[in-house]
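Colleague: Shown below is the structure under consideration.
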Amino acid sequence: MSSPQAPVTDNMPYVVIPAEVPATGPQFQSLPDELLLEIFKHLLASNNVIDAQHYSCLKLVRLAKLRKVSKFFSSVTDEVFYKLNFFKFFPPGIGKDGVVHPDCRLPAVLPHPRVRQHLRRIQMAIVLTDHYWVDHPGGDKDKFGNPKQVQIPIATADQLIEHCPGARQLHTLTDDTEGFCNLRELELRVYVNEGCRHAESVLDVAAAAGFSVKAGKLRVSVLNLEAQPIKGHPELVKHISHQ
């Protein structure tokens, strides 16, 4: 098979690959890695902020097909996709208007730890709560026969980490081993669910927990469940931002 020839039209853009490509077999292996990366960038770039809805669509169609080609394609797909795009990770209890449902307890669903090092730009929401629930010590039941529950205030940093999923997520958010350790941009929204006490109390506990995140460009906001800024308590923001 002869080497590829450049187009004869002078004004046509072209790329000459100085290699013979067999008519059968995995022809992509003959392409330079740099060219493959450019092709992947065009395939995987998105103009949308990728949230749970967009991610599910991409994962089922485009990403799945590319990953199935080979182990090499799978690794390149992950690296390019996560490096290139802007991601939004919000818990399922936060509406489009940014308002948090009072019973929101679940954290945001995050990518697998093995790919988090690739992400560069994310918007993240964390919900911190000042209480947790336990079964009634007397064994009381409700009208449906389920154990009644008692609300217990969170008073220490250890209790916050143990009983608040959002706090555990924040604790390792940019950790070098399992977190987003190479972020260029991070917009972090910390929502406070003050179910038992005032917001200042849970913020005091959160500040004592020593949360700390890192990113090239970091924006931190502390909000109530109605998505309104909580003013007059800069300690948590200072701790998180290394200020």
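The opening residue of the sequence shown carries number 388 in the working numbering; numbering runs sequentially from there.
Backbone N, C-alpha and C define an ideal beta-carbon position, used for all residues, glycine too.
Any idea what DSSP makes of threonine 516, helix, strand or coil?
Modeller: Position 129 of the sequence shown, counted from the first residue, corresponds to residue 516. Threonine 516 falls in the strand class under three-state DSSP.
Colleague: Report, in whole angstroms, the separation of the C-beta atoms of valine 514 and tyrosine 578, which I expect to be a contact under 8 Å.
Modeller: Numbered from 1 along the sequence shown, position 127 holds the residue referred to as residue 514. Numbered from 1 along the sequence shown, position 191 holds the residue referred to as residue 578. That belief holds up - the Cβ atoms of valine 514 and tyrosine 578 are roughly 5 Å apart, short of 8 Å.
Colleague: With three or more beta-carbon pairs closer than 8 Å as the criterion, would you say the segment 483-490 touches the segment 501-508?
Modeller: Result no; under three Cβ-Cβ pairs closer than 8 Å.
Colleague: Between which two residues does the beta strand (DSSP E) containing phenylalanine 474 stretch?
Modeller: In the sequence shown, residue 474 corresponds to position 87, counting from 1. Taken as a continuous stretch (DSSP letters only), the beta strand (DSSP E) holding phenylalanine 474 covers 473-476.
Colleague: Following the continuous beta strand (DSSP E) through arginine 606, name the residue where it begins and the one where it ends.
Modeller: Counting from 1 along the sequence shown, the entry for residue 606 is found at position 219. First-last of the beta strand (DSSP E) with arginine 606: 604-611.
Colleague: So, using beta-carbon positions, are glutamate 574 and glutamine 510 closer together than 8 Å?
Modeller: Your numbering for residue 574 matches position 187 in the sequence shown. Your numbering for residue 510 matches position 123 in the sequence shown. Yes, Cβ-Cβ distance for glutamate 574 and glutamine 510 is below 8 Å.
Colleague: Excluding the 5 residues flanking histidine 550 on each side, which residues of the same chain have their C-beta closer than 7 Å to its C-beta?
Modeller: Position 163 of the sequence shown, counted from the start, is the residue given in the question as residue 550. For histidine 550, where only same-chain residues beyond five positions count, the Cβ hits under 7 Å are Tyr519, Ile541.
Colleague: Determine the extent of the alpha helix (DSSP H) in which isoleucine 426 is found, giving its start and end residues.
Modeller: Residue 426 sits at position 39 when you count from the first residue of the sequence shown. From DSSP, the alpha helix (DSSP H) with isoleucine 426 extends over 420-431.
Colleague: Spell out whether any CB of chain B is found under 8 Å from the CB atom of valine 514.
Modeller: This model lacks chain B altogether; it includes just one protein chain.
Colleague: Check whether the Cβ atoms of leucine 570 and threonine 559 lie closer than 8 Å to each other.
Modeller: As a working note, residue 570 is residue 183 in the sequence shown. As a working note, residue 559 is residue 172 in the sequence shown. Their beta carbons are not under 8 Å apart, which means leucine 570 does not touch threonine 559 by this criterion.
Colleague: Using CA atoms only, rank isn't needed, just tell me which of Leu610, Glu581, Arg606, Arg555 is closest to phenylalanine 598.
Modeller: Counting from 1 along the sequence shown, the entry for residue 598 is found at position 211. Measuring from the Cα of phenylalanine 598, the nearest candidate turns out to be Arg555.
Colleague: Please name the residue, chosen from Phe459, Leu471, Glu581, Asp420, that lies closest to leucine 431 on a Cα-to-Cα basis.
Modeller: On the sequence shown, residue 431 is found 44 positions in, with the first residue counted as 1. For the residues Phe459, Leu471, Glu581, Asp420, the minimum Cα distance to leucine 431 belongs to Leu471.
Colleague: Buried or exposed: which applies to isoleucine 539, given that a residue is buried once 16 or more other Cβ atoms fall within 10 Å of its Cβ?
Modeller: The residue you call residue 539 lines up with position 152 of the sequence shown. Classification for isoleucine 539: exposed.
Colleague: At what residues does the alpha helix (DSSP H) containing leucine 453 begin and finish?
Modeller: Position 66 of the sequence shown holds residue 453. Counting along the chain, the alpha helix (DSSP H) containing leucine 453 begins and ends at 451-454.
Colleague: Any idea what DSSP makes of phenylalanine 494, helix, strand or coil?
Modeller: Taking the first residue of the sequence shown as 1, we reach residue 494 at position 107. A small fix is needed here, since residue 494 is proline in this sequence, not phenylalanine. Reduced to three states, the DSSP call for proline 494 is coil.
Colleague: Determine which residues share a DSSP beta bridge with glutamate 572 and list them.
Modeller: Numbered from 1 along the sequence shown, position 185 holds the residue referred to as residue 572. Note: glutamate 572 sits in a beta bridge opposite Arg508, Lys604.
Colleague: Buried or exposed, going by whether 16 or more other CB atoms sit within 10 Å of the CB of arginine 508?
Modeller: The sequence position of residue 508 within the sequence shown is 121, counting from 1. Result: buried.
Colleague: First and last residue of the beta strand (DSSP E) that includes glutamine 536?
Modeller: As a working note, residue 536 is residue 149 in the sequence shown. Glutamine 536 -> beta strand (DSSP E) spans 536-540.
Colleague: Taking 8 Å as the threshold (C-beta atoms), are alanine 512 and proline 478 in contact?
Modeller: Counted from its first residue, the sequence shown places residue 478 at position 91. Counted from its first residue, the sequence shown places residue 512 at position 125. Yes, the pair counts as a contact, with Cβ atoms nearer than the cut-off.
Colleague: Would the beta-carbon of arginine 576 fall within 8 Å of that of serine 608?
Modeller: The sequence position of residue 576 within the sequence shown is 189, counting from 1. The sequence position of residue 608 within the sequence shown is 221, counting from 1. Their beta carbons are under 8 Å apart, which means arginine 576 touches serine 608 by this criterion.
Colleague: Figure out for me which residue from Phe473, Phe468, Arg606, Ser457 has the closest Cα to the Cα of valine 436.
Modeller: Walking along the sequence shown from the start, residue 436 turns up at place 49. Answer by Cα proximity: Phe473.
Colleague: Determine the direct distance from the alpha carbon of glutamate 613 to that of aspartate 438, and round the result to whole angstroms.
Modeller: Taking the sequence shown and counting its residues from 1, the one referred to as residue 438 is at position 51. Taking the sequence shown and counting its residues from 1, the one referred to as residue 613 is at position 226. Roughly 21 Å between the two C-alpha positions.
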